[in-house]
Amino acid sequence: MIDSPRVCIQVQSIYVESQSIPEEERYVFAYTITIRNLGRFDVQLLGRYWLITNSNGRQTEVQGEGVIGEQPIIRPGSEYQYTSGAVLETPLGTMEGHYEMVDHQGQTFRTAIPVFRLAIPTLIH
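The numbering of the sequence shown is my numbering, which starts it at 1475 and goes up by one.
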């Protein structure tokens, strides 16, 4: 498996106050991922790997097929966007990982998901 710059990943995250219960150490975050195909050929997302770290240093690994039940094919010059969520025991944390993808020739490759922050808005930066 090779790393490839053919795909660009952008992430936006928000705190979901209405589903969070800080008194029970439950902090819910939503994140929206945009995956852009910068190459000349179709690519398909096969799987994902996440490393989720809370502010106490506790790490959780998550991996599986596709995203939100899909293994989308992304055409050249187009994008695929989805929203999902994470629940932390702390008001601050990070997520990072990679997608496993395959190109039109059946060559698998990884696309890095850059580290992004999960934080309640009232935290001092």
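In this text, a Cβ means the ideal position worked out from N, Cα and C, and glycines have one as well. Keep in mind the model is a prediction, meaning the values are calculated, not measured.
Distance from the Cα of G1559 is smallest, within the candidate group E1497, Y1501 and Q1581, for Y1501. Judged by DSSP in its simplified three-state form, S1552 adopts coil rather than helix or strand.
Straight through space, the alpha carbons of L1592 and P1496 are spaced by roughly 14 Å.
Looking at the backbone, the Cα of I1526 and that of Q1555 are separated by about 20 Å. The three-state secondary structure of P1588, taken from DSSP, is strand. Under the 10 Å beta carbon count, R1522 is surrounded by 16 or more other beta carbons and is classified as buried. The beta carbon of E1563 lies closer than 8 Å to those of E1499, R1500, Y1501, N1528, N1530 and R1532 in the same chain, with the five residues before and after it left out. By the CB criterion at 8 Å, I1488 and I1507 fall outside the cutoff.
DSSP places Q1484 in the strand class (E or B) of the three-state scheme. Separation of Q1493 and T1557 (C-alpha to C-alpha, rounded to the nearest whole angstrom) is 16 Å.
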